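Chemist: Residue numbers for the sequence shown follow the working numbering, so the first one is 6 and each next one is one higher.
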Amino acid sequence: MKSLIQNGTVYTNGQLIHADVLIADGKIKAIGDLADVAGDVDQVIDATDKLVSPGLVDVHVHYRDPGQTQKETIKTGSAAAAHGGFTTVGAMPNVDPTPDTPERVSHMVKRNQEDGLVHIAQYSTITTGRAGDELVDIAGVKKAGAFALSNDGSGIQTAGTMYRAMQEAKKAGLPIAAHVEDNSLLFGGVINEGKRAHELGVPGAPSVTESSQVARDLVLAHATGAQYHICHISTKESLAMVRFAKKHGVNVTCEAAPHHLLLADKEIKAGDGNYKMNPPLRDEKDRQALVQGLVNGTVDMIATDHAPHTVEDKPHDLCSCANGITGSETAFSELYTKLVMTGIITLPRLLDLMSANPADIFGLTGAGHLEPGKPADIAIFDLKHEYEIKEEDYQSKGINSPFTGDHVYGETVMTLVDGKVVYERKED
Numbered sequence: 006m007k008s009l010i011q012n013g014t015v016y017t018n019g020q021l022i023h024a025d026v027l028i029a030d031g032k033i034k035a036i037g038d039l040a041d042v043a044g045d046v047d048q049v050i051d052a053t054d055k056l057v058s059p060g061l062v063d064v065h066v067h068y069r070d071p072g073q074t075q076k077e078t079i080k081t082g083s084a085a086a087a088h089g090g091f092t093t094v095g096a097m098p099n100v101d102p103t104p105d106t107p108e109r110v111s112h113m114v115k116r117n118q119e120d121g122l123v124h125i126a127q128y129s130t131i132t133t134g135r136a137g138d139e140l141v142d143i144a145g146v147k148k149a150g151a152f153a154l155s156n157d158g159s160g161i162q163t164a165g166t167m168y169r170a171m172q173e174a175k176k177a178g179l180p181i182a183a184h185v186e187d188n189s190l191l192f193g194g195v196i197n198e199g200k201r202a203h204e205l206g207v208p209g210a211p212s213v214t215e216s217s218q219v220a221r222d223l224v225l226a227h228a229t230g231a232q233y234h235i236c237h238i239s240t241k242e243s244l245a246m247v248r249f250a251k252k253h254g255v256n257v258t259c260e261a262a263p264h265h266l267l268l269a270d271k272e273i274k275a276g277d278g279n280y281k282m283n284p285p286l287r288d289e290k291d292r293q294a295l296v297q298g299l300v301n302g303t304v305d306m307i308a309t310d311h312a313p314h315t316v317e318d319k320p321h322d323l324c325s326c327a328n329g330i331t332g333s334e335t336a337f338s339e340l341y342t343k344l345v346m347t348g349i350i351t352l353p354r355l356l357d358l359m360s361a362n363p364a365d366i367f368g369l370t371g372a373g374h375l376e377p378g379k380p381a382d383i384a385i386f387d388l389k390h391e392y393e394i395k396e397e398d399y400q401s402k403g404i405n406s407p408f409t410g411d412h413v414y415g416e417t418v419m420t421l422v423d424g425k426v427v428y429e430r431k432e433d
């Protein structure tokens with residue numbers, strides 16, 4: 006099967022160029038002026054006035070499968086990823102049963118391959134049951150196919166446990182992706198502690214619940230030499246410590262989520278559970294610091310923390326509703342519209358944050374780069390025309406997003422995985 010993507014603006018090797026892309030046998034064969042081969046291919050895809058980019062890479066998604074398939078499945082979650090232009094994702098292990106043994110990790114890797122429309126890399130937990138202090142067989146779960154370790158949704162509460170986990174992860178050559186949260190500092194908070202929590206009459210959690218554990222972990226990462234990655238970083242203090250640690254040789258990276266980059270706690274609507282997530286939306290100064298982190302390189306990548314829930318999980322009560330929002334289907338368009346079109350960051354910078362950087366940092370071979378010889382994992386976006394984000398267009402089972410109804414640019418036109426079309430926009 007040969008395909009030719011013609012007349013697009015192609016992002017390759019750090020540059021945006023006007024070019025064609027030839028695909029054969031699931032791989033990219035050539036990039037350039039390839040009009041002379043158009044008659045020798047099985048399919049021609051017209052990308053005139055479109056962006057042709059590497060398939061996006063998201064190292065932080067929740068697919069709820071097995072255990073909570075009323076919220077999402079591997080199939081629906083990966084369909085949502087394809088709809089958003091993602092071709093490789095990392096599935097977090099907060100499912101039931103948790104992938105905390107080599108056998109369970111191997112089973113999840115197989116299911117991801119069987120049911121996924123995109124490439125799905127599998128996390129193992131750090132500790133048994135994603136809780137407590139008993140470490141998983143780290144060497145064993147790597148051999149079974151885990152690409153990284155995380156207890157996402159739960160912080161490691163004991164310093165000694167994290168220290169030992171880092172030592173074993175270093176030996177195995179696996180990254181630790183940490184949910185940083187000291188439970189003893191939550192004080193029952195459901196959103197960020199501050200003016201908005203007071204206005205809404207709900208308990209607030211101080212930002213030190215994150216930054217204090219970041220400080221602890223950076224010291225441990227320095228001592229062990231482990232590859233340490235901070236999930237959904239959200240405070241200016243955390244960012245300052247990461248910047249300092251990088252200057253002093255700590256092997257640390259961090260991700261920011263679109264909602265923390267684009268929204269602050271002042272925008273939380275009373276009784277709207279779609280504004281509740283963990284970590285919570287922070288102060289406007291924190292949001293601005295995160296955006297500046299994209300500009301100055303402190304933030305290494307963007308990851309969605311795609312977290313689908315049922316409507317019943319998100320009642321009109323911030324205290325009782327579940328944490329989390331969907332993100333796969335809105336991330337690129339929201340960020341392109343609000344950060345690139347406004348001149349805050351460049352389009353190449355956004356694409357690197359959402360493709361090459363996460364792929365390279367997590368060792369996702371073949372992902373994140375649109376180059377000859379690489380897998381034909383490609384996203385095509387329409388940057389010229391405004392569209393409305395509509396609930397009925399979501400491929401995810403979850404419709405829990407504060408971005409529904411926004412008018413944005415950067416709609417996904419087509420997504421290809423190994424040269425096969427896995428999503429195509431329906432024309433009106």
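Just so you know, even glycine gets a beta-carbon here, dropped at the ideal spot from N, CA and C.
As the structure is a prediction and not an experimental result, all values here were calculated from the model.
1) Using three-state DSSP, classify N18 as helix, strand or coil.
2) Applying the criterion that 16 or more other CB atoms from any shown protein chain within 10 Å of the CB defines a buried residue, is V418 buried or exposed?
3) Taking the CB atoms as reference points, tell me whether I235 and V300 lie closer together than 9 Å.
4) For L21, which residues in the same chain have their Cβ closer than 6 Å to its Cβ, ignoring the five residues on either side in sequence?
5) If you run the structure through DSSP and keep just helix, strand and coil, what is L122?
6) Going by Cα to Cα distance, which pick from D101, S239, P363 is closest to D63?
7) Which runs of the beta strand (DSSP E) fall wholly inside the segment 325-402 and span at least 3 residues, in chain order?
8) Buried or exposed for F91, please, with buried defined as at least 16 other CB atoms from any protein chain shown within 10 angstroms of its CB.
9) For G278, which three-state DSSP category applies?
10) Round the Cβ separation of T240 and R287 to the nearest angstrom and send it over; I've been treating them as touching at under 8 Å.
11) What's the gap between the Cα of A384 and the Cα of G160?
12) Would you mind reading off the limits of the beta strand (DSSP E) that contains H234?
13) Determine the direct distance from the alpha carbon of E173 to that of P104, and round the result to whole angstroms.
14) Could you give the DSSP three-state label for H253: helix, strand or coil?
15) Could you give the DSSP three-state label for L154: helix, strand or coil?
16) Please state whether DSSP places Q11 in a helix, a strand or coil.
17) I'd like the list of long-range same chain contacts for G403, defined as Cβ closer than 7 Å, with 5 residues on each side in sequence excluded.
18) Whole angstroms is fine: what's the gap from A269's alpha carbon to R292's?
19) Nearest by alpha-carbon distance to Y341: which of H374, Q11, L56 is it?
20) Measuring only from the beta carbon, is V316 closer than 8 Å to any heavy atom that is part of the ligand MN?
21) Can you give me the start and stop residues for the alpha helix (DSSP H) that K175 sits inside?
22) Under a three-way DSSP split, which group does I143 fall into?
23) Going by other Cβ atoms of all chains shown within 10 Å of its Cβ, with 16 needed for buried, is G209 buried or exposed?
24) Taking all protein chains shown into account, do 16 or more other C-beta atoms lie within 10 angstroms of the C-beta of N117, making it buried, or fewer, making it exposed?
25) Along the chain, where does the alpha helix (DSSP H) containing K80 start, and where does it finish?
26) Helix or strand or just coil, what does DSSP make of P59?
27) Alpha helix (DSSP H) containing T434: first to last residue?
Modeler: Walking through what the data contain:
1) Coil at N18, not helix or strand.
2) Buried, since its Cβ has 16 or more Cβ neighbours within 10 Å.
3) no
4) T14
5) coil
6) Per the Cα distances, P363.
7) For the segment 325-402, whole beta strand (DSSP E) runs of length 3 or above, ordered along the chain, are 383-387.
8) With a threshold of 16 other beta carbon atoms within 10 Å, F91 meets it and is buried.
9) helix
10) 6 Å
11) 34 Å
12) 233-235
13) P104 and E173 have their C-alpha atoms spaced approximately 18 Å apart.
14) coil
15) strand
16) strand
17) K76, E77, P313, H314, T331
18) 6 Å
19) L56
20) Judged by which ligands are present, the structure shown has none, so any question about the ligand MN falls away.
21) 164-177
22) helix
23) With 16 or more other Cβ atoms within 10 Å, it is buried.
24) buried
25) 79-88
26) In the three-state scheme derived from DSSP, where H, G and I count as helix and E and B as strand, P59 is classed as strand.
27) Any question about residue 434 goes unanswered here, given that the chain covers just 6 to 433.
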